[in-house]
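Numbering (the working numbering), first residue to last: 219 to 445. Everything on this sheet refers to the single structure shown next.
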């Protein structure tokens with residue numbers, strides 16, 4: 219299988235540095251819509267057999283242009299949702315943001331017992347993400363190419379774990395809005411990271427400001443933090 223894990227387009231929370239993981243979540247900014255509109259051309263060479271979205275509005279809006287271009291209806295799966303911020307949902311303060319980022323980094327290092335207050339641990343995250351991908355695989359088979367619109371921390375952590383990457387990868391590789399990680403293989407034989415695109419797949423000119431995009435990479439500064 220060729221699994222295209224695509225982050226959603228930019229949201230107001232990405233600009234404002236807000237921990238925003240609960241449903242339905244915000245829509246897209248003007249730039250976010252432009253990023254989404256650039257996806258079909260960017261993936262024109264891919265033979266996509268299915269489109270999947272998380273339970274959050276921003277993935278639906280990002281997938282819509284591709285779905286329209288291909289004449290497909292995206293399938294929704296809540297297992298593809300972002301890593302939960304738990305009791306820190308909606309916060310922008312440096313303490314909360316850094317705790318969320320540290321949790322994702324530790325999961326990327328394989329320490330899946332860690333959890334935020336009121337949130338999920340890494341074992342639960344991996345189970346529900348792979349349950350969603352198991353449904354994708356069962357529907358399309360292991361020779362298909364499928365586009366999955368999901369979220370930055372979730373994609374980065376899952377790719378690091380499933381792709382057996384060096385632990386530091388989750389700390390150093392960025393995944394901006396409409397960035398993409400391509401996994402090849404399947405859930406039974408294992409995944410390999412084929413490509414990791416550190417700019418919007420429609421082109422680097424669509425990147426925008428990542429200064430406070432707290433799930434794009436752990437070096438993004440929380441609002442009010444000194445870096």
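Beta carbons are placed, not taken as given, at the ideal position from N, Cα and C, and that holds for glycine.
Distance from the CA of residue 250 to the CA of residue 335, rounded to the nearest whole angstrom, comes to 30 Å. Taking a 10 Å sphere around the C-beta of residue 410, we find fewer than 16 other C-beta atoms and assign the residue as exposed. Residue 361 carries a coil assignment under DSSP once its states are collapsed to helix, strand and coil.
Approximately 7 Å separates the beta-carbon atoms of residue 432 and residue 318; this is inside 8 Å, confirming the contact.
Secondary structure of residue 432 (DSSP, three-state): coil.
Residue pairing by DSSP places residue 399 opposite 223 and 414 in a beta bridge.
Cβ atoms of residue 273 and residue 296 come within 8 Å of each other, at about 4 Å.
Shown here for residue 333: same chain residues with a beta carbon closer than 6 Å to its own, the five before and five after excluded, namely 339 in chain order. Looking at the DSSP output, residue 409 bridges to 403.
Secondary structure note for residue 231: its alpha helix (DSSP H) is the uninterrupted segment 230 to 234. With respect to the 8 Å criterion, residue 358 and residue 268 are classified as neighbours on the basis of their beta carbons. Cβ neighbours of residue 426 within its own chain (closer than 6 Å, five residues either side excluded): 228 and 249. When DSSP states are grouped into helix, strand and coil, residue 352 belongs to the helix group.
The continuous alpha helix (DSSP H) containing residue 250 extends over residues 248 to 255. Annotation: residue 270 to residue 223 spans about 10 Å, alpha carbon to alpha carbon. Annotation for residue 419: no alpha helix (DSSP H) segment contains it, and DSSP assigns it neither H nor E.
Residue 294 is bridged by DSSP to 271.
Per DSSP, the beta bridge partners of residue 339 are 333.
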